[in-house]
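Chains as they are written, first to last, in this note's numbering: chain B, 12 to 202; chain V, 5 to 847. Heads up, the thing below is written out as structure tokens.
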């Protein structure tokens, strides 16, 4: 879904006191036209796409501004009942999670005992990981305990995940692991 | 929180760690509410509060116990009929406990049933328990058994559920019976007097009384108090008991199910709630069902249901939840004849959580690891975790930046100091760069249980791929490898339903369709996948419904209507719950158990606190009612009924078998039916309340590199850890970010002027901090925000450290987790990172 900047401004201004702009109006000065103009300049020609802050769990809604498919700005969504357009310092820095010269864009591989990384092709790396998962699973799979209890599992692969990942990933990850019989599935959510 | 008359923030520094959410208690304050902060430090949250109650880290149960003691002995609580009406009708205060039960009062700090730990299996010697309880003596006193004969094998599983009926719990609504829960609670907390609590916590007596008076004045028919906590309450060897202690107090004050009441868990990550609900956690499967386990009576589907379902309350529907889950796993291959594929589902054989997994790894018992968005290279007792990483045959790290977990093999502290050689590390390491939130379509579940969809705005650069892409591609390869296997052990993966390829080609080749995933989570009719499920009331136990997560059922009620995409806030000036902004489980309810916002007759407790009420023919209100919509408040309970039929129309806590909130837990916890103050596993203080020093059932993994400090002069200072506004956890999402790094470049230790003077440490001096596990350096920040505590007649110093740094990134610093211990809570295996001991010297 892409909301055009013009449609978006129209709908947010229509909300009145529920918005960041509106709360300034509440102070007694009508800054609306000036604020609207300032916003328009900063994100001229940009498309606004609704998103959510990936840091803490408050769930602040954001708007991602792109020009020709390039992210140029990320800010709070004034429609949100959680954050009403505001963001904290981390939320205000989401832009740099995306546009950042320190960001890695290639797959790296380090062979056992090696002292350096090697750049690998993405598909080759995926094939190798799949091979390792299968090999380890098959070598360590436990069908039953000595007392005959059926367990169909392995504890030799540990799947650890962060808690800023999508629900959809969580579902796929735990489903694939349980499908394989991998039971040590963990997440930042515990600690 | 905007509707609260008082907000108590304890175990959280909300102003700095959840700054945007903090606007809501501040709005409440602007409207006249009181704000209370209970914390060892004076933080920006304290600066905004009306009352700051300083307590030493780890003493919250003593503090809350002091409030409970004060409240139930107060004139206001005993004089206002509201409290009695709420407590008698909506809690288990009147229920009588069996004669065998013995409390900490009788046994000097432990409960009846304490035993040596003999559980577990030889194949998995990593459970860590020091002891265990047999909880059978904690149960309610009950009337005659009402269990039906086992009957026929399901589906339908109604006969099985009827066979689980137990004797009716005995009650005394006068609350006078010596074994009724109210009297047990009263006796249990009788020693938590303000003077004793001051002695334990270091909080002045008058401050304890001020907090108690403030919450009493702001609870009742017309007013509500809310509590908010964060990891300051969870990272302890008794974290769930802290939260339970607060729940006990909030139930006594009538603050559950009502606007402006409750307990808010301020969780720390965008979708940490999602990864708990959709558990990438070893111990549970979707929707809070326990993972099938070899340590329990879980051999067959029926055994599992007998062991985990309940005849009364909403969990009587577990057969529908579980069968629909198994259908989402194994599709057409899951049939009534094969117990819906239950045998293919793996069983856990012990504690496979974070801490024991790294112990097992360090012992060479784990071969491979998929690490996606986590940084264990700087995590708990970090040198043990890195020892584990060095033992792996292979490690996959997927992240945005080259985090410490990816580079441990060439520049970790032990490699830099020459004690480990890179060439000797035989781990094959992969690093996959990740796409970021604005480059992916998908949903997060926030701390309010609300799903919100985020849209892709731009393509990720280079080989950066989404996390779903990685798991999808791995799954497609593995599915192909096992496609022709006839081995019984491979039938689970062979029959696993994996149908997430997009119908239209995606801009990024190989990317799955996240809405196909969400559809499977929310559910559909098995014979007509285009007919989605509208809610969990539609679930069946015969395989005709497919639904991974019963609690998310209804999020995607028909094709094209993904409710997590809802973005219509309530108009300004209206009272409401913003029901058209996002979608909250269960059933888009925003306040859980909100039937309790009305009195037993179904009328709002007061006009001011109106939320959900009976309008004469149905439940209605500002929120989705958390109750059977047509069930009148006068409906009697059916003594022979199952599920919600066993509850009357005045029992709001529908998930509980007895339909009421639990002051006392007759079952379900590993460490006792009531919260009791224990000292942290490491403490410079002998428990002033009981001769039992620590939780008798805490988890500790005994290793030479995981030693705990004895109570001694060597490590006399309490240390707590915390987070800063400008950084994020182990730093992967902030230390590579130039803006944030510039705002907060350096690690520091906060200490009081008194401690600094004693140790001859000046502001910005380098300081060495040591525990039995490790020793690091940081700069001193000498500040009145920290204080020394007067505990049990002597001065105890207290320091605090943020823990975001490591050796990679734009800004670097020592790893605070070099000092933490692998010691945990017996219920959930969370570590104790909020209270341990150290020594501090000028470096």
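Every residue gets a Cβ at the ideal spot worked out from N, C-alpha and C, and that includes glycine.
Q) So what does residue 438 of chain V bridge to, in DSSP terms? A) V/469
Q. With 16 other CB atoms within 10 Å as the buried threshold, where does residue 180 of chain V fall?
A. exposed
Q. Using 8 Å as the limit for Cβ to Cβ distance, is residue 272 of chain V near chain B?
A. yes
Q. For residue 155 of chain B, does the count of other Cβ atoms within 10 angstroms reach 16, so buried, or fall short, so exposed?
A. exposed
Q) Going along chain B, which residues have a C-beta under 7 Å from residue 1 of chain V? A) What is shown of chain V runs 5 to 847, which leaves residue 1 of chain V out entirely.
Q) For residue 193 of chain B, is the classification buried or exposed, using 16 other Cβ atoms within 10 angstroms of its Cβ as the cut-off for buried? A) By the neighbour-count rule (16 or more Cβ atoms within 10 Å), residue 193 of chain B is buried.
Q) When burial is assigned at 16 or more other CB atoms within 10 Å of the CB, is residue 440 of chain V buried or exposed? A) buried
Q. Using 8 Å as the Cβ pair cut-off and three pairs as the minimum, do the region 368–379 of chain V and the region 833–840 of chain V touch?
A. Proximity of the region 368–379 of chain V to the region 833–840 of chain V falls short of the contact definition, fewer than three beta-carbon pairs being nearer than 8 Å.
Q | Selection from V/654, V/665, V/839 that minimises the alpha carbon distance to residue 724 of chain V | A | V/839
Q.
Run through chain B and tell me which residues come within less than 9 Å of residue 485 of chain V, C-beta to C-beta.
A. 141, 142, 145
Q) residue 625 of chain V touches chain B at which residues, Cβ-Cβ below 9 Å? A) Within 9 Å of the CB of residue 625 of chain V, no CB atom of chain B is found; the nearest one sits about 18 Å away.
Q.
So, for residue 497 of chain V: in the same chain, excluding its five sequence neighbours on each side, which residues have a beta-carbon less than 6 Å away from its beta-carbon?
A. Cβ within range, chain order: 486.
Q | residue 81 of chain B, enclosing beta strand (DSSP E) - first and last residue | A | 81–87
Q.
Let me check understanding here. Comparing Cα to Cα, which of V/718, V/10, V/178 lies closest to residue 34 of chain V?
A. V/10
Q.
Within 10 Å of its beta-carbon, does residue 95 of chain B have 16 or more other beta-carbons around it, so buried, or fewer, so exposed?
A. buried
Q | Residue interval of the alpha helix (DSSP H) (run including residue 134 of chain B) | A | 133–151
Q: Leaving aside the five residues before and after residue 519 of chain V along the sequence, list all residues of the same chain whose C-beta is less than 7 Å from its C-beta, in chain order.
A: 566
**Q.** With 16 other Cβ atoms within 10 Å as the buried cut-off, status of residue 107 of chain B
**A.** buried
Q. When you compare only the Cα positions, how much space is there between residue 438 of chain V and residue 515 of chain V?
A. 13 Å
**Q.** Which of helix, strand or coil DSSP assigns to residue 187 of chain B
**A.** helix
**Q.** Minimum length 4: unbroken alpha helix (DSSP H) runs contained in the region 287–371 of chain V
**A.** 305–312, 322–334, 358–366
Q: List in chain order: all unbroken alpha helix (DSSP H) runs of 4+ residues lying wholly within the region 200–249 of chain V.
A: 209–221, 235–238
Q: Quick one: grab the DSSP three-state call for residue 66 of chain B.
A: coil
(Q) Taking its Cβ as the centre, do 16 or more other Cβ atoms sit within 10 Å of residue 660 of chain V, making it buried, or is it exposed? (A) buried
Q: Say whether chain V places a C-beta atom closer than 8 Å to the C-beta of residue 96 of chain B.
A: no
Q: Could I get the ranges of all uninterrupted alpha helix (DSSP H) runs contained in the region 694–758 of chain V, with 4 residues as the minimum, in chain order?
A: 742–747
Q. Should residue 190 of chain B and residue 333 of chain V be called a contact, given that it needs their Cβ atoms to be closer than 8 Å?
A. The answer is yes: Cβ separation under 8 Å.
Q: Give a yes or no on whether 8 Å exceeds the smallest Cβ distance from residue 38 of chain B to chain V.
A: Per-residue confidence for residue 38 of chain B stands at a pLDDT of 45, beneath the threshold of 50, marking its modelled position as unreliable; the derived number appears in the next sentence. Not an interface residue.
Q.
Rounded to the nearest angstrom, what separates residue 691 of chain V and residue 752 of chain V at their Cα positions?
A. 30 Å
Q | Alpha-carbon spacing of residue 627 of chain V relative to residue 588 of chain V, whole angstroms | A | When rounded, the distance between both Cα atoms is 11 Å.
Q. Looking at chain B, which residues of the region 373–400 of chain V have a Cβ within less than 8 Å of any of its Cβ atoms?
A. 373, 374, 375, 376, 377, 378, 380, 383, 384, 397, 398, 400
(Q) Is residue 55 of chain B close to chain V? Criterion is C-beta to C-beta, closer than 8 Å. (A) no
Q) Buried or exposed: residue 119 of chain V, going by 16 or more other Cβ atoms within 10 Å of its Cβ? A) If you draw a 10 Å sphere on the C-beta of residue 119 of chain V, you find fewer than 16 other C-beta atoms in it, and that means exposed.
Q: Pull up the CB-CB distance for residue 773 of chain V and residue 761 of chain V, whole angstroms please, since I reckon it's below 8 Å.
A: The Cβ separation is near 18 Å, so there is no contact.
Q | Limits of the alpha helix (DSSP H) - the one that residue 597 of chain V falls within | A | Element bounds for residue 597 of chain V: n/a, residue is neither H nor E.
Q: Sort V/116, V/89, V/93, V/806 by Cα distance to residue 101 of chain V and report the nearest one.
A: V/116
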